[in-house]
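So the structure is just underneath, and the comments pick up after that.
Residue numbers (UniProt numbering): 1 to 385.
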């Protein structure tokens, strides 16, 4: 039987955050799957269904593979957070024990699923970052060496963060299962099997540092397209349109900053972690879904707008008068072509994707206009029309 409650604990006994957890997590689960399936469906409509590409697994874009993996990991994160809520996440620890005849079994199971959620965080966010990096690699990258190096630096940093964060989440307690079995000796109860350990590294400050390093990666990836587009000479409205599409990731960065603040300010990992950590895990799931959404919208929105325009204009759409590529800054032609235009790293000439106002990907195949549309394409190191 659990120890009797103190008067202050009895006053707070009714406090329950599980409703917030269930509602927010289920909504986030639906949103995550909708946007990821929307991205894959958009690429199928615009790319995979065309005969010249051939619909087979070998032609799947690497960014779509990482996007599908991130959706799986985010779904698993949300699923385990829901499982932890079913055991007591969102309730005060003393209430969980008071309602558990075999206490602290439910409290231990709560943090078993919390630990699994933390372990899944690293691959989930890394897959989203790799999705964005390979999307930028396929779509555009400035010829300048410094920006190519920036792309590689972001890739190496994201992979290094994955290994560092995974190692911390798994081994913050030793042995690893001591993360959730430590509650037995804390309440002077025998563990399910003979074991002892320590959790010296499992503190809020260490977890927050891991999140801060992840936020640095997010900001670095966000700056890649912003810096590239800002160097192009085009009308202000076109530049704002492109920057708006590729700057959606600011939302994910703000969400990440919010959960770091919540972790530092509002999370009690020692006395009442089951209640104090509830909002942090809501924000963690929201940040993951926001990052996934920000990675999908630059693909979904332009293709959806293009499809709507084609349905409205018929089977033979006219080229948009706003589809002309941006011009280069004044100066010699060779200097303008060197490091000023968009160029693809993989050099696949069959890829019709281009950067246009309001259209990040133009697609190809049977739906492309009969009249040539001026667009930026990679043919060597020059911009053709």
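All C-beta atoms in this analysis are idealised placements derived from N, C-alpha and C, irrespective of residue type, glycine included.
Assigned with DSSP and collapsed to three states, residue 198 falls in strand.
Excluding residues up to 5 positions away in sequence, 90, 278 lie with their Cβ nearer than 6 Å to the Cβ of residue 17 in the same chain. If only uninterrupted alpha helix (DSSP H) runs of at least 4 residues are considered, those enclosed by the segment 254-298 are 273-276.
DSSP, read as helix, strand or coil, puts residue 10 in helix. Shown here for residue 128: same chain residues with a beta carbon closer than 7 Å to its own, the five before and five after excluded, namely 70, 291, 292, 295 in chain order. With 16 or more other CB atoms across the displayed protein chains lying within 10 angstroms of its CB, residue 63 is buried. By DSSP's assignment, residue 144 forms no beta bridge with any residue. Three or more Cβ pairs drawn from the segment 101-110 and the segment 179-197 lie within less than 8 Å of each other, which places the two stretches in contact. At least 8 Å separates the beta-carbon of residue 204 from that of residue 124.
Bounds of the alpha helix (DSSP H) holding residue 32 are 18-43. Within 10 angstroms of the beta-carbon of residue 195 lie fewer than 16 other beta-carbons, which makes it exposed. Of the candidates 114, 236, 228, 114 places its Cα closest to the Cα of residue 176. A direct Cα-to-Cα measurement between residue 214 and residue 168 gives close to 13 Å. Within the DSSP bridge table, the entry for residue 174 names 198 as partners. Note on residue 260: 16 or more other CB atoms within 10 angstroms of its CB, so buried under the neighbour-count rule. Around the C-beta of residue 145, fewer than 16 other C-beta atoms lie within 10 Å, and the residue is accordingly described as exposed. Per DSSP, residue 84 is one residue of the alpha helix (DSSP H) stretching across 62-87.
With three or more CB-CB distances shorter than 8 Å, the segment 211-225 counts as touching the segment 154-164. Counting the other Cβ atoms within 10 Å of the Cβ of residue 152 gives fewer than 16, which makes it exposed. With contacts defined as CB atoms closer than 8 Å, residue 207 and residue 283 fail to qualify as a contacting pair. In this structure, the alpha-carbon of residue 249 lies about 39 Å from that of residue 12. The beta carbons of residue 28 and residue 265 sit about 22 Å from each other, so the pair does not count as a contact at 8 Å. Put simply, of 81, 274, 228, 229 the residue whose alpha carbon is nearest the alpha carbon of residue 25 is 81. By the CB criterion at 8 Å, residue 88 and residue 274 fall inside the cutoff.
Taking residue 272 as the centre and dropping the five residues before and after it, the same chain places the C-beta of 92, 93 closer than 7 Å to its C-beta, in chain order.
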